[in-house]
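Trainee:
If you want it as structure tokens, here you go:
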């Protein structure tokens, strides 16, 4: 039995496959982590931009000061 275990321990067939599986899993894990961080940041940025645009006042052609004017446009 010890002879079998020593031979199994010293056998390197398939070791490259295991290395590639571990490396691929690490790359996929890093990609998922990066995607999550980018997604959270993008959502926060979009929310802030939406709030800023929703709270902005638009200048009226008749008054030019952002208040609601008469709507006649100076006619």
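In UniProt numbering, the protein residues as written are 1 to 75. Built from N, CA and C at the ideal position, the CB exists for glycine as well.
(1) Taking only the alpha-carbon atoms, compute the straight-line gap between residue 48 and residue 29 and give it to the nearest angstrom.
(2) Just the Cα atoms here: how many angstroms apart are residue 10 and residue 4?
(3) Span of the alpha helix (DSSP H) holding residue 41?
Mentor: According to the structure data:
(1) Here residue 48 corresponds to residue number 48 of the chain shown, with the count starting at 1. Here residue 29 corresponds to residue number 29 of the chain shown, with the count starting at 1. Cα-Cα distance, rounded: 29 Å.
(2) Locating residue 10 in the chain shown gives position 10, where the first residue counts as 1. Locating residue 4 in the chain shown gives position 4, where the first residue counts as 1. Those two C-alpha atoms are separated by around 10 Å.
(3) Translated into positions along the chain shown, residue 41 becomes position 41. Run containing residue 41: 15–54, per the alpha helix (DSSP H) assignment.
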